[in-house]
Amino acid sequence: MFKKKPHFKPAAPLRSSERRRLADDIIREYGLEHLAAAPTNGDGETLAEEKDVARTRLRNALLPEDTQQARFSTTLGADGKEVGGTVYIGTPSTSAPTVQGSGLEQPQQHQRILWWSHQAHVYPTIYTLWSFPLLIPLLHTPAAVVAKMQGGADLMTPGLARGPPFPQGAGMGKVVAVAALERPSVPVVVGVCVRDVAGLGSVGGEKGRAVEGLHWVGDECWGWGKGWVGGLPERVGGWLEEEDKKQEGGDTVEGEKEGEEDKNGAAEPVEAGSNNEDNASADPPKELTQPELDATFRNAFLYGLHQQLITHPAHPTHGLVFPLSPSFVMANLIQPFLPASLPQQQLQMKKTSWKTLRKFVKALEKEGVVHGKDQGGSETVVVEVFWGAEAVVGFRPYGGVKGMGGGKGEKGSTTMEGVGVVAGAGDESIGQTLQVVNFYKPTSKLAAIFSGAGQSVPQQMYFTPPEVREIVTQYLETENLISPSNKRLVTLNPVLGNAVFDGTGRLDAEILAKGTVPRDALLERILASMSPYHAILRNPSSSSPPTAADIKPKPGPAPKVRITLETRAGNKTVTKVSGLEVFHVEPRRLAEELKKVCAGSAGVEPLVGASKKGDFLKHPTLTKDATNIQGRDSLGKVPSK
119 MFKKKPHFKP AAPLRSSERR RLADDIIREY GLEHLAAAPT NGDGETLAEE KDVARTRLRN
179 ALLPEDTQQA RFSTTLGADG KEVGGTVYIG TPSTSAPTVQ GSGLEQPQQH QRILWWSHQA
239 HVYPTIYTLW SFPLLIPLLH TPAAVVAKMQ GGADLMTPGL ARGPPFPQGA GMGKVVAVAA
299 LERPSVPVVV GVCVRDVAGL GSVGGEKGRA VEGLHWVGDE CWGWGKGWVG GLPERVGGWL
359 EEEDKKQEGG DTVEGEKEGE EDKNGAAEPV EAGSNNEDNA SADPPKELTQ PELDATFRNA
419 FLYGLHQQLI THPAHPTHGL VFPLSPSFVM ANLIQPFLPA SLPQQQLQMK KTSWKTLRKF
479 VKALEKEGVV HGKDQGGSET VVVEVFWGAE AVVGFRPYGG VKGMGGGKGE KGSTTMEGVG
539 VVAGAGDESI GQTLQVVNFY KPTSKLAAIF SGAGQSVPQQ MYFTPPEVRE IVTQYLETEN
599 LISPSNKRLV TLNPVLGNAV FDGTGRLDAE ILAKGTVPRD ALLERILASM SPYHAILRNP
659 SSSSPPTAAD IKPKPGPAPK VRITLETRAG NKTVTKVSGL EVFHVEPRRL AEELKKVCAG
719 SAGVEPLVGA SKKGDFLKHP TLTKDATNIQ GRDSLGKVPS K
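Written out as structure tokens, the structure reads:
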């Protein structure tokens, strides 16, 4: 489907409600309900609160919070049939809840296409399969056949290897992955079965197609964005259970079995733990006392706040959007920071002295850490965090926590994927491409011109300058106002005279008396009479100009980065830089870069007379270096339209 380069429309953020709905559709379509199951109490009952947390965690692993969507269109087949759909873009999860780890030593955390939908079906990309082993059945074929499939060929039945039997989920019309025999745990093709592969008793003598290839390593979907740097991984953990047991020493959580394949080939959750030899000799874990369990949950919450502080130091709320729901607090600020060495059965809120998250928030409110507010009579949301509280400021992080999604990390390490900014990740603003698009909204006085050109002007209609020029030209041609002797001159009629040259300009009286005006001057006056709007697109996926229907313009002209020189203390001159945040540049990181490049001091202070997010940078007089580094590394290319 992506052999030819598709036409991608500009990506737009996926609304939270749509993201939840899409994630639920994926969970149903691929049979992942068991992965959202929450622990039960002694009576076999599941708490609704922990069930919501488990489902939210699975949703976030499937579709991260930064997920964006973009429409695409392409052509298929020799007849050039046009097809289209939607791609969903986000940062791949490196600690998905399905298995213990992806096996990728250096995951490349950039935004990629994670899913795409076509004809009411949602398909995973290779990047998603590397994060979610056993999401779909895995078939195998020799590397020579894989090379043919990567050229657009389908997998024929005689090319199937390592079977029968084949995975039970590989039925007619089911989505499957294909890997080469040389790297049996690395999926490289995503396709759909065109026959019942699971029911094949033998491939000898069989004819016809088995799998229709839709997406593969090296196609346009794979290469979207920054692409994959380097060769393919030698192994992706979790796809081949038997090999994983040999290579990882059979790591399992005490009391749990290895994940078993369901009808779609998915696996039960497998948590990371100590090896079998350690389990054989170790004593059963000690039951935590209630004070110890209370301290564990309290420290986990403080760890969550500490992580937000260090990952979002310049943000006024340190990356949190208030109010915080109970499920968000549990899934993002508590669960990822619970000790991984403690049994999951003990780490339940109901076993603490508070019993519920509502009472837990009330207790923290008494300590002066947060401010909670009752909502709906049954739950309490967090409306404010007191970052200067002694418990928050004096907190010291500890090792061996779970990390987002309960993924496997090295012993004594902390896995922070999915919580704020990934620890140790580079600055995403480096190398980014920004596109500033200007829009104009007609006023009521200009409605007659747009209506005369056949354009209806609803309340929220925006036009780019080329579109305005085209509409004005169409109106002039319709009203026959272009001078026959000079195409650059326009004859004024009552509509143009009243709507455009209404006396606000110093030359209006002269133009009205003359009765003609240059076409370019007319266009400039019309644009000046319209309300300006703008949009800043980050790493646009297509070179075609976006429309207002694809993005939501903001009122006013496009902002600018302001660089000024200021003299202080006699002959000391500093350079002040402000207005970076709107271009997705983090001032503190730019300040650190300026220290290296400019070989001088740099700092970040609140901008006087502005909100907290309006920071500025200051350093000795190195204006040229400051401008160059912003254009080269941080602000990237900023085309304006």
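Following the working numbering, the numbering of the sequence shown begins with 119 at its first residue and continues without gaps.
We put the beta carbon where it would ideally sit given N, CA and C, even for glycine.
Quick caveat: nothing in here was measured; it's all calculated off a predicted structure.
Let's see if you can read the secondary structure: which residues bound the alpha helix (DSSP H) around residue i?
| i | result |
| --- | --- |
| I669 | Here I669 belongs to no alpha helix (DSSP H), and DSSP marks it neither H nor E. |
| T591 | 583-596 |
| Y421 | 408-429 |
| P612 | 612-617 |
| V475 | The identity of residue 475 in the sequence shown is Leu, whereas the question assumes Val. Residues 475-485. |
| V510 | 508-511 |
| A141 | 134-147 |
For residue i, list the residues DSSP reports as bridge partners.
| i | result |
| --- | --- |
| S249 | Answer is none; S249 lacks a bridge partner. |
| M760 | The question about residue 760 has no answer here: the residues shown for the chain are numbered 119 through 759. |
| T634 | T609 |
| A279 | H258 |
| G287 | G287 pairs with nothing; no bridge assigned. |
| I681 | V695 |
| I452 | BP columns for I452 are empty, so no partner. |
| F126 | F190 |
| I600 | V608 |
| S649 | K559 |
| C339 | Its beta-bridge partners do not exist; DSSP assigns none. |
| L442 | V500 |
| H333 | V308 |
| V519 | P457 |
Which residues bound the beta strand (DSSP E) around residue i?
| i | result |
| --- | --- |
| N657 | Here N657 belongs to no beta strand (DSSP E), and DSSP marks it neither H nor E. |
| F190 | 186-194 |
| L257 | 256-259 |
| E502 | 497-503 |
| L552 | 552-559 |
| E200 | 199-208 |
| D492 | 488-493 |
| I231 | 230-236 |
| H702 | Looking at the DSSP string, H702 is not in any beta strand (DSSP E), and its letter there is neither H nor E. |
| V308 | 305-311 |
| V296 | 293-298 |
| H239 | 239-242 |
On the criterion of 16 or more Cβ atoms from any shown chain inside 10 Å, does residue i qualify as buried, or is it exposed?
| i | result |
| --- | --- |
| F440 | exposed |
| D396 | With a pLDDT of 38 at D396, under the threshold of 50, the modelled position of that residue is not reliable, and no figure is offered here. |
| Q493 | exposed |
| Y421 | buried |
| K605 | exposed |
| K121 | buried |
| D401 | Note that D401 scores a pLDDT of 47, beneath 50, so its modelled location is shaky and nothing firm can be said. |
| W505 | exposed |
| P305 | buried |
| I428 | exposed |
| M267 | buried |
| R175 | buried |
| M290 | exposed |
| D337 | buried |
| E136 | exposed |
| E300 | exposed |
| N689 | exposed |
| S114 | Nothing about residue 114 can be reported from this structure: the residues present for the chain run from 119 to 759 only. |
| H258 | buried |
| P673 | exposed |
| N178 | buried |
Residue i: beta carbon under 7 angstroms from a heavy atom of the ligand MN?
| i | result |
| --- | --- |
| L150 | No copy of the ligand MN appears in this structure; indeed no ligand is present at all. |
Roughly how far, in whole angstroms, is the beta-carbon of residue i from the beta-carbon of residue j, given that I think they are within contact range, below 8 angstroms?
| i | j | result |
| --- | --- | --- |
| C760 | W234 | The chain is shown only over 119 to 759; residue 760 falls outside these bounds and no answer can be derived. |
| V695 | V679 | 7 angstroms |
| Q550 | R656 | 6 angstroms |
| V308 | V293 | 7 angstroms |
| V488 | V499 | V488 to V499, Cβ: 10 angstroms. No contact. |
| T171 | Q453 | One detail in the question is off: residue 171 reads as Val in this sequence, not Thr. With 8 angstroms as the limit, V171 and Q453 qualify as a contact, their Cβ atoms being about 7 angstroms apart. |
| I207 | L232 | 7 angstroms |
| A298 | L247 | Not a contact, Cβ separation roughly 14 angstroms. |
With contact counted as at least three CB pairs below 8 angstroms, one residue from each stretch, are the segment 121-130 and the segment 666-675 in contact? yes
The segment 424-439 / the segment 503-516 touching (three or more Cβ pairs under 8 angstroms): yes
Can at least three beta-carbon pairs, one atom from the segment 553-569 and one from the segment 611-623, be found at a separation below 8 angstroms? yes
Do the segment 469-485 and the segment 190-210 make contact, defined as three or more Cβ pairs closer than 8 angstroms? no
Report yes or no: do three or more beta-carbon pairs, one from the segment 551-562 and one from the segment 580-588, lie closer than 8 angstroms? yes
Okay, do the segment 591-605 and the segment 642-652 touch, 3+ Cβ pairs below 8 angstroms being the bar? no
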